[in-house]
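Quick note: to get this note's numbering, add 427 to the position in the sequence shown (first position is 1).
Let me begin by presenting the structure, written as structure tokens, before commenting on it.
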Amino acid sequence: MMTTVGFSCSCGALKGVLHEASPKTGCHLLCYCKDCRGFARHMGQMEALEPGGGSPLVQVLPARIEITDGADQIACVRLSPKGLHRWYAACCNTPLANTVGSSRMPLAGMWRPLFESIEAFGPVTTHGFTKAALPGGPRRDKGLGRMFGGLLKRSLAAYLNGTARQSPFFDASGAPVAAPVILAPEQRAAAYAE
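In structure tokens form, the structure reads like this:
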């Protein structure tokens, strides 16, 4: 069963809804890569990580994300010049989502702590990049094939129904709605300090 789930940043200035949320329309995962953990550290959100430093994410189609309030708070950072676009609410540094640098790839890894309820996503099905986990985390990846397969299936469906390039993070021309700021070397070093 699909449902609409509300979300908001920590201070409540940015709010929105995720439409058609279900285990079939997304992937509930924990990412243990150093980049996701570095983003959480840079945003001051380390306490929201799972044991072992896993970033709690829900991989969804961007067209299903609707920002209802506070769209002017959307900001973007990149940990490196070629890194993912990492979106956050500037009002309170709450992570929002990770995307590639273009609206051509219909993918958003949304920050799970945003959501008022996570029941619609079902249980965590994927543990990714576990070799980078901190002590106490898993040491074996789980569900990556399912995650990538689901991503391909959802992307193809989005292209077929014409929603692939719809995103709250990119405008109609495909440009980011907020100019990405690339971390300075000292900021990057601090984000990766473990």
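Using N, Cα and C, we set each Cβ at its ideal position, and we do this for glycine too.
These numbers come from a predicted model, not from an experiment.
Length of the line joining the Cα atoms of residue i and residue j
i, j, result
"Ala-599", "Gly-589", "13 angstroms"
"Ala-606", "Gly-572", "33 angstroms"
"Gly-439", "Gly-497", "9 angstroms"
"Cys-463", "Ser-482", "6 angstroms"
"Ala-490", "Ala-620", "35 angstroms"
"Pro-562", "Gly-479", "5 angstroms"
"Ser-507", "Ala-467", "15 angstroms"
"Phe-542", "Ala-448", "11 angstroms"
"Val-604", "Phe-597", "5 angstroms"
"Gly-564", "Gln-472", "18 angstroms"
"Ser-435", "Gly-443", "6 angstroms"
"Leu-587", "Arg-615", "39 angstroms"
"Ala-602", "Phe-575", "25 angstroms"
"Asp-499", "Val-608", "16 angstroms"
"Glu-477", "Leu-583", "31 angstroms"
"Ser-437", "Thr-495", "15 angstroms"
Contacting residues, own chain, Cβ-Cβ under 6 angstroms from residue i (five flanking each side not counted)
i, result
"Ala-591", "Pro-533, Ala-585"
"His-469", "Ala-618"
"Gly-433", "Val-444, Glu-543"
Residue i - DSSP class collapsed to helix/strand/coil
i, result
"Gln-614", "helix"
"Lys-509", "coil"
Anticipated Cβ contact below 8 angstroms, residue i with residue j, distance rounded
i, j, result
"Cys-460", "Thr-553", "Their Cβ separation, rounded to whole angstroms, is 12 angstroms, which puts Cys-460 and Thr-553 out of contact at 8 angstroms."
"Met-537", "Ala-547", "About 12 angstroms; that fails the 8 angstroms criterion."
"Arg-513", "Val-527", "The pair is not a contact, with the Cβ atoms about 11 angstroms apart (cut-off 8 angstroms)."
"Leu-578", "Gln-486", "7 angstroms"
Spatial neighbours of residue i in its chain, beta-carbon cut-off 7 angstroms, leaving aside the 5 residues before and after
i, result
"Pro-540", "Ala-475, Pro-483"
"Pro-612", "none"
"Val-551", "His-455, Leu-456, Leu-457"
"Met-429", "Glu-447, Ala-448, Ser-449, Thr-452"
"Lys-569", "Thr-553, His-554"
Nonlocal neighbours in the same chain, by C-beta distance under 8 angstroms from residue i, ignoring five residues either side
i, result
"Ser-594", "Pro-489, Ala-490, Ile-492, Thr-526, Ser-530, Pro-533, Ala-535"
Legend entry - the stretch 546-565 in contact with the stretch 506-521 per 3-pair CB rule at 8 angstroms: no
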